[in-house]
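Encoded as structure tokens, the structure appears first; notes follow it.
Number of protein chains: 2
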Amino acid sequence: MPDLHQLNHAIIEFYEKLSSWEHSVVKEIGVSLSQVHTIELLGIHGAMRMKELAEKMAITTGTLTVQVDKMVAAELVRRRPHESDRRSILVELTPKGEVMYQQHDALHHQLTVDLCANLDGDEQRLLLRCLSKMNHEF
Amino acid sequence: MPDLHQLNHAIIEFYEKLSSWEHSVVKEIGVSLSQVHTIELLGIHGAMRMKELAEKMAITTGTLTVQVDKMVAAELVRRRPHESDRRSILVELTPKGEVMYQQHDALHHQLTVDLCANLDGDEQRLLLRCLSKMNHEF
DNA sequence: TCAAGTAGTTTGACCATCAAGCTAAATTAA
DNA sequence: TTAATTTAGCTTGATGGTCAAACTACTTGA
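Those protein sequences? They're chains A and B, same order as listed.
No gaps in the numbering here: position 19 of the first sequence is 38 in our numbering, and each next residue is one more.
No gaps in the numbering here: position 125 of the second sequence is 144 in our numbering, and each next residue is one more.
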């Protein structure tokens with residue numbers, strides 16, 4: 020079992036790199052971090068209730084209400100009544116929001132390509148296995 | 020060369036996990052994220068000029084001034100004049116701040132231990148190599 | 001010496017966030 | 001059915017992080 024200290028350091032550094040990348044992308048596409056996160060979740064999971072979305076984002080529904088208000092005004096998302104529960108409201112991407120999601124996704128994919136530029140096939144395969152294990156066993 | 024799509028997804032998920040971990044730790048130790056970041060940088064690099072610290076944190080010096088004011092009030096850091104440049108001010112951890120840095124560092128190390136619990140020695144070695152390459156070649 | 005540049009602070013304006021209190025709808029108990 | 005409870009979402013008031021721009025004090029270089 021090798022020394023975990025270096026690994027710890029590498030993980031911290033990797034996290035900082037991703038964080039700084041995200042920061043720069045947010046500036047580039049001109050939407051706040053919080054709104055990018057919302058778009059990302061709606062793009063991945065499709066229409067969602069406010070409650071569900073707030074839970075995934077780890078914020079309160081009150082905060083989400085404010086965000087969604089702004090995003091509705093910017094025509095990135097729309098609200099729609101829930102079919103069977105009149106208390107609930109579904110949020111979904113508008114076409115404009117969908118375009119922004121695709122853009123963001125493409126940028127993310129490009130980041131991965133850049134990150135992996137110096138890894139050979141075996142390394143990529145093993146990295147994927149390690150990340151999967153870490154993501155699921157923790 | 021394997022499909023990068025899965026890898027992209029795994030990286031996003033890994034980033035979210037780290038982000039959520041950081042969030043919960045910040046709540047636990049009762050200091051804001053920004054202040055934890057300050058403490059971390061001062062712990063790693065030692066006393067620093069405001070300018071330098073602000074650059075590493077990717078915030079303006081104005082913002083940093085406010086943060087440092089609060090942290091001085093909380094006795095986590097102190098200001099000290101620069102030896103040769105009277106415009107500059109050095110910021111450094113107080114003993115109390117140093118304790119908090121050690122605590123945070125220990126938590127981070129524990130996170131790494133948990134993350135790697137299901138990786139064998141070879142996997143850990145290769146993960147470190149991949150992370151190092153990604154950190155340095157990007 | 002003095003003009004230009006640099007380090008740090010202050011101020012005024014946003015934005016994100018939460019907690020608490022609110023309304024409307026659904027669910028459960030009587 | 002009615003009443004009490006729970007749930008979903010919204011509103012409000014307060015706090016904290018951030019930036020840009022204006023300001024002060026110091027340094028540097030022509």
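Note that beta-carbon positions come from the ideal geometry of N, C-alpha and C, so glycine has one too.
With 16 other Cβ atoms within 10 Å as the buried cut-off, status of residue i
{"i": "glycine 140 of chain B", "result": "exposed"}
{"i": "glutamine 121 of chain B", "result": "exposed"}
{"i": "asparagine 27 of chain A", "result": "buried"}
{"i": "valine 132 of chain B", "result": "exposed"}
{"i": "valine 118 of chain A", "result": "exposed"}
{"i": "threonine 57 of chain A", "result": "buried"}
{"i": "histidine 123 of chain A", "result": "buried"}
{"i": "leucine 72 of chain A", "result": "buried"}
{"i": "alanine 77 of chain A", "result": "exposed"}
{"i": "valine 85 of chain A", "result": "exposed"}
{"i": "alanine 92 of chain B", "result": "exposed"}
{"i": "isoleucine 63 of chain B", "result": "exposed"}
{"i": "alanine 29 of chain B", "result": "buried"}
{"i": "leucine 24 of chain B", "result": "In the sequence as presented, leucine is not what sits at residue 24 of chain B; that position holds histidine. It is exposed - the Cβ of histidine 24 of chain B has fewer than 16 other Cβ atoms within 10 Å."}
{"i": "histidine 127 of chain B", "result": "buried"}
Coil, strand or helix - residue i by DSSP
{"i": "glutamate 102 of chain A", "result": "coil"}
{"i": "valine 55 of chain A", "result": "helix"}
{"i": "valine 96 of chain B", "result": "strand"}
{"i": "glutamate 156 of chain B", "result": "coil"}
{"i": "alanine 125 of chain B", "result": "helix"}
{"i": "threonine 79 of chain B", "result": "coil"}
Boundaries of the beta strand (DSSP E) in which residue i is found, first to last residue
{"i": "isoleucine 108 of chain A", "result": "108–112"}
C-beta neighbour in chain B for residue i, strict 7 angstroms
{"i": "histidine 123 of chain A", "result": "no"}
{"i": "glutamine 54 of chain A", "result": "no"}
{"i": "threonine 131 of chain A", "result": "yes"}
{"i": "isoleucine 30 of chain A", "result": "yes"}
{"i": "leucine 95 of chain A", "result": "no"}
{"i": "leucine 112 of chain A", "result": "no"}
{"i": "leucine 109 of chain A", "result": "no"}
{"i": "leucine 83 of chain A", "result": "no"}
{"i": "glutamate 102 of chain A", "result": "no"}
CB contact check: residue i to chain A, cutoff 7 angstroms
{"i": "histidine 15 of chain B", "result": "One cannot answer for residue 15 of chain B here, as it falls past the ends of chain B, which runs 20 to 157."}
{"i": "leucine 134 of chain B", "result": "yes"}
{"i": "lysine 115 of chain B", "result": "no"}
{"i": "tyrosine 34 of chain B", "result": "yes"}
{"i": "serine 43 of chain B", "result": "no"}
{"i": "methionine 153 of chain B", "result": "yes"}
{"i": "glutamine 25 of chain B", "result": "yes"}
{"i": "leucine 60 of chain B", "result": "no"}
{"i": "leucine 72 of chain B", "result": "no"}
{"i": "glutamate 47 of chain B", "result": "no"}
Residue span of the alpha helix (DSSP H) that contains residue i, given as start and end
{"i": "leucine 138 of chain A", "result": "First-last for leucine 138 of chain A: undefined, no H or E at that position."}
{"i": "alanine 29 of chain B", "result": "23–48"}
{"i": "glutamate 71 of chain B", "result": "69–76"}
Residue i beta carbon near the ligand NAD (any heavy atom closer than 6 angstroms)
{"i": "leucine 83 of chain A", "result": "Inclusion of the ligand NAD in the displayed structure is not the case, the ligand content being empty and no account of it being possible."}
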